[in-house]
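Asker:
Residue numbers (our numbering): -1 to 217.
(1) On the DSSP bridge list, what partners appear for residue 4?
(2) Since residue 215 is in the beta strand (DSSP E), which residue starts that stretch and which ends it?
(3) What three-state label does DSSP hand residue 64 in the structure shown?
(4) Helix, strand or coil for residue 49? Go by DSSP, reduced to three states.
(5) Report the CB separation of residue 249 from residue 34 in whole angstroms; it is logged as a contact under 8 angstroms.
(6) Hey, how far is the Cα of residue 44 from the Cα of residue 15?
(7) Return yes when the C-beta of residue 17 is under 7 angstroms from any heavy atom of the ligand HEM, and no when it is not.
(8) List the endpoints of the continuous alpha helix (DSSP H) containing residue 194.
(9) Check this for me: beta carbons of residue 46 and residue 177, under 8 angstroms apart or not?
(10) Select from 94, 119, 96 and 95 the residue whose C-alpha is nearest the C-alpha of residue 106.
(11) Please name the residue, chosen from 179, 11 and 69, that lies closest to residue 82 on a Cα-to-Cα basis.
(12) Exposed or buried, what is residue 218 when buried is set at 16 or more other beta-carbons lying within 10 Å of its beta-carbon?
(13) How many angstroms separate the CA atom of residue 0 from the CA atom of residue 142?
(14) Which partner residues of residue 100 appear in the DSSP bridge assignment?
(15) Taking three-plus beta-carbon pairs below 8 angstroms as touching, is the region 108 to 123 in contact with the region 55 to 69?
(16) Exposed or buried, which one is residue 211 when buried takes at least 16 other CB atoms within 10 Å?
(17) Let's see if you can read the secondary structure: which residues bound the alpha helix (DSSP H) around residue 164?
(18) Could you name the residues of the same chain whose beta carbon sits closer than 8 angstroms to that of residue 8, not counting the 5 residues immediately before and after it, in chain order?
(19) Taking the runs of the beta strand (DSSP E) that are 3 residues or longer, which of them lie wholly in the region 77 to 121?
(20) Note down the Cα distance separating residue 18 from residue 114, rounded to an integer number of angstroms.
(21) If you follow the alpha helix (DSSP H) that residue 18 is in, where does it begin and where does it stop?
(22) Report yes or no: do the region 161 to 174 and the region 192 to 211 share at least 3 C-beta pairs separated by less than 8 angstroms?
(23) Looking at the structure shown, is residue 133 part of a helix, part of a strand, or coil, going by DSSP?
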(Lines of atoms letter the chains of each structure in order from A and count residues from 1; the text may use other names and numbers.)
(Lines give C-alpha, C1' and ligand atoms only; values in the text may rest on other atoms or scores of the structure.)
Protein backbone atom coordinates (compact mmCIF):
# COMPACT_ATOMS: atom_id res chain seq x y z
CA UNK A 1 0.00 0.00 0.00
CA UNK A 2 1.44 3.34 -1.08
CA UNK A 3 1.54 5.99 1.64
CA UNK A 4 2.93 9.51 1.65
CA UNK A 5 4.19 10.92 4.94
CA UNK A 6 4.60 14.54 6.05
CA UNK A 7 6.77 14.77 9.15
CA UNK A 8 5.28 18.14 10.16
CA UNK A 9 2.03 19.84 9.24
CA UNK A 10 3.83 23.06 8.34
CA UNK A 11 4.75 21.61 4.93
CA UNK A 12 1.26 20.63 3.77
CA UNK A 13 -1.32 22.51 1.74
CA UNK A 14 -5.01 21.83 1.25
CA UNK A 15 -4.29 20.62 -2.28
CA UNK A 16 -2.04 17.87 -0.93
CA UNK A 17 -5.04 16.38 0.88
CA UNK A 18 -7.69 16.33 -1.84
CA UNK A 19 -8.91 12.93 -2.96
CA UNK A 20 -6.91 11.13 -0.28
CA UNK A 21 -7.46 9.35 3.01
CA UNK A 22 -5.49 11.43 5.51
CA UNK A 23 -4.32 10.30 8.93
CA UNK A 24 -3.24 13.09 11.27
CA UNK A 25 -1.05 12.14 14.23
CA UNK A 26 -0.52 14.19 17.38
CA UNK A 27 0.44 11.76 20.12
CA UNK A 28 1.15 14.47 22.73
CA UNK A 29 -1.63 15.20 23.05
CA UNK A 30 -4.43 16.43 20.77
CA UNK A 31 -5.23 13.23 18.90
CA UNK A 32 -4.92 11.15 22.08
CA UNK A 33 -7.39 13.57 23.67
CA UNK A 34 -9.79 13.34 20.71
CA UNK A 35 -9.74 9.55 20.80
CA UNK A 36 -10.33 9.56 24.56
CA UNK A 37 -13.15 12.10 24.45
CA UNK A 38 -15.04 10.07 21.84
CA UNK A 39 -14.41 6.84 23.72
CA UNK A 40 -15.80 8.46 26.89
CA UNK A 41 -19.03 9.41 25.16
CA UNK A 42 -18.51 12.84 23.63
CA UNK A 43 -21.06 13.44 20.88
CA UNK A 44 -18.45 15.08 18.64
CA UNK A 45 -15.04 16.72 18.82
CA UNK A 46 -14.56 19.87 16.73
CA UNK A 47 -10.90 20.83 16.18
CA UNK A 48 -10.40 24.56 15.61
CA UNK A 49 -7.55 26.84 14.58
CA UNK A 50 -7.68 29.42 17.35
CA UNK A 51 -9.64 30.96 20.19
CA UNK A 52 -11.63 33.18 17.85
CA UNK A 53 -12.98 30.21 15.91
CA UNK A 54 -13.68 28.32 19.13
CA UNK A 55 -15.59 31.29 20.54
CA UNK A 56 -17.63 31.69 17.37
CA UNK A 57 -18.75 28.06 17.45
CA UNK A 58 -19.47 28.17 21.18
CA UNK A 59 -21.60 31.31 20.82
CA UNK A 60 -24.08 29.37 18.67
CA UNK A 61 -24.45 26.46 21.09
CA UNK A 62 -26.36 25.93 24.29
CA UNK A 63 -23.78 26.19 27.12
CA UNK A 64 -25.00 22.87 28.52
CA UNK A 65 -24.15 20.90 25.37
CA UNK A 66 -20.50 21.82 24.79
CA UNK A 67 -17.17 21.94 26.54
CA UNK A 68 -14.22 24.09 25.50
CA UNK A 69 -10.89 22.29 25.67
CA UNK A 70 -7.40 23.32 24.70
CA UNK A 71 -3.96 24.57 25.57
CA UNK A 72 -1.31 27.11 24.84
CA UNK A 73 2.22 26.23 25.88
CA UNK A 74 0.87 22.95 27.24
CA UNK A 75 -1.38 24.62 29.83
CA UNK A 76 -5.17 25.05 29.88
CA UNK A 77 -6.43 28.21 28.21
CA UNK A 78 -7.96 30.66 30.67
CA UNK A 79 -11.75 30.42 30.69
CA UNK A 80 -11.87 26.96 29.10
CA UNK A 81 -13.53 24.01 30.80
CA UNK A 82 -10.68 21.63 30.00
CA UNK A 83 -7.03 21.58 29.04
CA UNK A 84 -5.40 19.14 26.62
CA UNK A 85 -4.82 16.29 29.05
CA UNK A 86 -6.80 13.28 27.84
CA UNK A 87 -7.25 12.22 31.46
CA UNK A 88 -9.52 15.24 32.02
CA UNK A 89 -12.03 14.00 29.46
CA UNK A 90 -14.04 11.72 31.72
CA UNK A 91 -17.57 10.47 30.97
CA UNK A 92 -18.90 12.77 33.69
CA UNK A 93 -17.53 15.78 31.81
CA UNK A 94 -17.99 14.99 28.11
CA UNK A 95 -20.65 12.30 27.70
CA UNK A 96 -23.38 13.54 25.35
CA UNK A 97 -21.63 16.84 24.78
CA UNK A 98 -19.70 18.44 21.92
CA UNK A 99 -16.05 19.22 22.58
CA UNK A 100 -14.51 22.26 20.89
CA UNK A 101 -10.77 21.59 20.94
CA UNK A 102 -8.12 24.24 20.35
CA UNK A 103 -4.44 23.25 20.59
CA UNK A 104 -1.07 24.50 19.39
CA UNK A 105 -0.25 21.79 16.85
CA UNK A 106 -2.74 18.93 16.46
CA UNK A 107 -5.96 20.80 15.78
CA UNK A 108 -4.17 23.06 13.31
CA UNK A 109 -2.93 20.01 11.43
CA UNK A 110 -6.47 18.62 11.35
CA UNK A 111 -7.83 21.93 10.09
CA UNK A 112 -5.27 22.03 7.27
CA UNK A 113 -6.20 18.48 6.25
CA UNK A 114 -9.97 19.01 6.20
CA UNK A 115 -10.10 18.80 2.39
CA UNK A 116 -9.36 15.06 2.54
CA UNK A 117 -11.95 12.54 1.40
CA UNK A 118 -11.49 10.76 4.75
CA UNK A 119 -9.82 12.39 7.75
CA UNK A 120 -8.72 10.35 10.76
CA UNK A 121 -7.13 11.41 14.06
CA UNK A 122 -4.52 8.86 15.12
CA UNK A 123 -2.39 8.08 18.15
CA UNK A 124 -0.95 5.00 19.78
CA UNK A 125 -4.31 4.58 21.52
CA UNK A 126 -6.24 3.80 18.35
CA UNK A 127 -3.50 2.67 15.94
CA UNK A 128 -5.11 -0.72 15.32
CA UNK A 129 -8.50 0.77 14.49
CA UNK A 130 -6.89 3.33 12.19
CA UNK A 131 -5.05 0.63 10.24
CA UNK A 132 -8.28 -1.39 9.89
CA UNK A 133 -10.12 1.66 8.56
CA UNK A 134 -7.39 2.70 6.14
CA UNK A 135 -7.20 -0.79 4.67
CA UNK A 136 -10.88 -0.57 3.76
CA UNK A 137 -10.50 2.64 1.75
CA UNK A 138 -9.56 2.85 -1.91
CA UNK A 139 -7.94 6.29 -1.74
CA UNK A 140 -4.26 7.06 -1.71
CA UNK A 141 -3.00 7.38 1.87
CA UNK A 142 -1.33 10.40 3.44
CA UNK A 143 -0.02 10.43 7.01
CA UNK A 144 0.50 13.88 8.52
CA UNK A 145 2.55 14.20 11.70
CA UNK A 146 1.49 17.35 13.54
CA UNK A 147 5.01 17.92 14.83
CA UNK A 148 5.79 20.59 17.36
CA UNK A 149 6.36 24.27 16.63
CA UNK A 150 6.84 23.48 12.92
CA UNK A 151 9.52 20.90 13.70
CA UNK A 152 9.57 17.13 13.67
CA UNK A 153 8.22 15.49 16.83
CA UNK A 154 9.77 12.12 17.67
CA UNK A 155 6.56 10.70 19.13
CA UNK A 156 4.51 11.48 16.01
CA UNK A 157 7.17 10.08 13.68
CA UNK A 158 7.33 6.86 15.69
CA UNK A 159 3.56 6.50 15.55
CA UNK A 160 3.66 7.05 11.78
CA UNK A 161 6.27 4.31 11.56
CA UNK A 162 4.06 1.96 13.57
CA UNK A 163 1.12 2.58 11.22
CA UNK A 164 3.31 1.97 8.18
CA UNK A 165 4.70 -1.23 9.69
CA UNK A 166 1.18 -2.59 10.13
CA UNK A 167 -0.08 -1.35 6.76
CA UNK A 168 2.93 -2.94 5.04
CA UNK A 169 2.78 -6.12 7.16
CA UNK A 170 6.32 -5.54 8.39
CA UNK A 171 7.88 -5.39 4.92
CA UNK A 172 8.80 -1.98 3.49
CA UNK A 173 7.88 -1.77 -0.21
CA UNK A 174 10.05 -0.19 -2.89
CA UNK A 175 10.07 2.60 -3.76
CA UNK A 176 8.77 4.81 -0.92
CA UNK A 177 9.25 8.47 -0.14
CA UNK A 178 12.17 9.58 2.01
CA UNK A 179 9.82 10.68 4.79
CA UNK A 180 7.96 7.35 4.82
CA UNK A 181 11.27 5.48 4.91
CA UNK A 182 12.45 7.71 7.76
CA UNK A 183 9.37 7.03 9.89
CA UNK A 184 9.40 3.30 9.18
CA UNK A 185 13.13 2.96 9.90
CA UNK A 186 12.93 5.00 13.11
CA UNK A 187 10.10 2.83 14.40
CA UNK A 188 12.04 -0.35 13.64
CA UNK A 189 15.08 1.06 15.44
CA UNK A 190 13.11 1.84 18.62
CA UNK A 191 10.24 -0.65 18.62
CA UNK A 192 11.77 -2.96 21.22
CA UNK A 193 11.98 -0.12 23.75
CA UNK A 194 9.34 2.23 22.47
CA UNK A 195 8.32 3.66 25.84
CA UNK A 196 11.86 4.68 26.67
CA UNK A 197 12.29 6.23 23.22
CA UNK A 198 9.12 8.26 23.66
CA UNK A 199 10.24 9.53 27.05
CA UNK A 200 13.33 10.95 25.36
CA UNK A 201 11.27 13.11 23.01
CA UNK A 202 11.62 16.87 23.52
CA UNK A 203 7.87 17.30 23.97
CA UNK A 204 7.72 14.46 26.50
CA UNK A 205 10.47 16.04 28.56
CA UNK A 206 8.62 19.35 28.57
CA UNK A 207 5.38 17.70 29.71
CA UNK A 208 7.24 16.05 32.59
CA UNK A 209 8.55 19.47 33.62
CA UNK A 210 4.95 20.72 33.59
CA UNK A 211 3.83 17.82 35.84
CA UNK A 212 2.02 15.90 33.08
CA UNK A 213 4.03 12.70 33.38
CA UNK A 214 0.84 10.67 33.78
CA UNK A 215 -0.21 11.87 30.35
CA UNK A 216 2.91 10.25 28.90
CA UNK A 217 2.03 6.96 30.55
CA UNK A 218 -1.50 7.21 29.18
CA UNK A 219 -0.65 8.29 25.63
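Don't be surprised by glycine CBs; every beta carbon is placed ideally from N, CA and C. Computed from a prediction, not measured in an experiment: that's the story for all the values here.
Answerer: Well, looking at it:
(1) What you label residue 4 is simply residue 6 of the chain shown in a count that begins at 1. In DSSP, residue 4 forms a bridge with 142.
(2) Along the chain shown, read from residue 1 onward, the residue named residue 215 stands at position 217. Residue 215 -> not in any beta strand (DSSP E); alpha helix (DSSP H) instead, spanning 211 to 216.
(3) For the purposes of this step, residue 64 is identified with residue 66 of the chain shown, where counting begins at 1. Here residue 64 sits in strand by DSSP.
(4) For the purposes of this step, residue 49 is taken as the residue at position 51 of the chain shown. Three-state result, residue 49: helix.
(5) Because residue 249 is not part of the residues shown, which for the chain are -1 to 217, the question remains open.
(6) Here residue 44 is taken as the residue at index 46 of the chain shown, counted from 1. Here residue 15 is taken as the residue at index 17 of the chain shown, counted from 1. Distance between the alpha carbons of residue 44 and residue 15: 19 angstroms.
(7) With respect to the ligand HEM, the structure shown offers nothing to examine, as it has no ligands at all.
(8) By one-based count along the chain shown, residue 194 stands at place 196. Run containing residue 194: 192 to 197, per the alpha helix (DSSP H) assignment.
(9) Position 48 of the chain shown, counting from 1, holds the residue named residue 46. Position 179 of the chain shown, counting from 1, holds the residue named residue 177. For residue 46 and residue 177, no; Cβs fall outside 8 angstroms.
(10) For the purposes of this step, residue 106 is identified with residue 108 of the chain shown, where counting begins at 1. Checking every option, the nearest Cα to that of residue 106 belongs to 119.
(11) Stepping through the chain shown from its first residue, residue 82 is reached at position 84. Nearest C-alpha to residue 82: 69.
(12) The structure shown does not extend to residue 218, since the chain is modelled only from -1 through 217, so no value can be given for it.
(13) On the chain shown, residue 0 is found 2 positions in, with the first residue counted as 1. On the chain shown, residue 142 is found 144 positions in, with the first residue counted as 1. Residue 0 and residue 142 have their C-alpha atoms roughly 14 angstroms apart.
(14) Start at 1 with the first residue of the chain shown, and residue 100 comes out as number 102. When beta bridges are read from the DSSP output, residue 100 appears opposite 46 and 68.
(15) no
(16) Start at 1 with the first residue of the chain shown, and residue 211 comes out as number 213. Looking at its Cβ environment, which holds fewer than 16 other Cβ atoms inside 10 Å, residue 211 is exposed.
(17) On the chain shown, residue 164 is found 166 positions in, with the first residue counted as 1. Here the alpha helix (DSSP H) through residue 164 covers 152 to 165.
(18) Along the chain shown, read from residue 1 onward, the residue named residue 8 stands at position 10. Counting only Cβ-Cβ distances below 8 angstroms, and skipping sequence neighbours, we find 145 and 148.
(19) 96 to 100 and 116 to 120
(20) Indexing the chain shown from 1 puts residue 18 at position 20. Indexing the chain shown from 1 puts residue 114 at position 116. In a straight line, the C-alpha of residue 18 is about 5 angstroms away from that of residue 114.
(21) Looking up residue 18 in the chain shown gives position 20. For residue 18, there is no enclosing alpha helix (DSSP H); the residue is part of the beta strand (DSSP E) that begins and ends at 18 to 23.
(22) no
(23) Your numbering for residue 133 matches position 135 in the chain shown. The answer is helix: DSSP assigns residue 133 an H, G or I state.
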